[in-house]
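Undergrad:
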Amino acid sequence: MLGSGTLDKLLEKGVKYMFVSNSDNLGATMDLKILTYFAQSKAPFMMEVATRTDADKKGGHLAKDTKTGGLLLRESAQCPDEDEKAFQDVTRYKYFNTNNLWVDLVALKGIFE
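Note that the working numbering numbers the sequence shown so that position 57 is 72, with each residue one more than the last.
1) Here's the rule: buried if 16 or more other CB atoms are within 10 angstroms of the residue's CB, otherwise exposed. What is GLY75?
2) Can you list, in chain order, the stretches of the beta strand (DSSP E) that have 3 or more residues and sit fully within the segment 102 to 128?
3) If we ignore side chains and look at the alpha-carbon of each, how far apart do THR44 and MET33 end up?
4) On the CB-based measure, 16 or more other CB atoms within 10 Å of its CB, does TYR108 come out buried or exposed?
5) What ranges does the beta strand (DSSP E) occupy inside the segment 32 to 62, keeping only unbroken runs of at least 3 residues that lie completely in it?
6) What's the C-alpha gap between VAL118 and THR106?
7) Between GLU63 and THR21, how many whole angstroms is the CB-CB distance? I'm expecting something under 8 angstroms.
8) Using 8 angstroms for Cβ pairs, my map puts PHE111 next to ARG67. What's the rounded Cβ distance?
9) Does THR66 come out as helix, strand or coil in the three-state DSSP assignment?
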């Protein structure tokens, strides 16, 4: 977006927020209530999450970073074999990333500068 000039073009047109979703997420839609929440939160980035079920055991999940106390996205490729059972525990790790992302384009531009 930066190298192509797309980010600047969007900002010049007054576009402040971007909604991004994986192409395999056919059910993804932009929800104006979520956009409103995101805009009011003043967060630079937001990730939509959902409650995990047994069908979501192998996908990534949200976990608490023991060093910072913040949230992080943990993918199965980051999990040692000996931790796989704990990784798949949907009662321990209750939320997964839906791959619906919200980005504040002004904040993104600031990061690049």
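Quick reminder that beta carbons are idealized off the backbone N, C-alpha and C, glycines included. Model, not experiment: these values are computed from the prediction.
TA: So, from the listed chains and residues:
1) buried
2) 110 to 119
3) 12 angstroms
4) buried
5) 32 to 36
6) 29 angstroms
7) Contact doesn't hold; Cβ gap of about 23 angstroms is too wide.
8) 5 angstroms
9) strand
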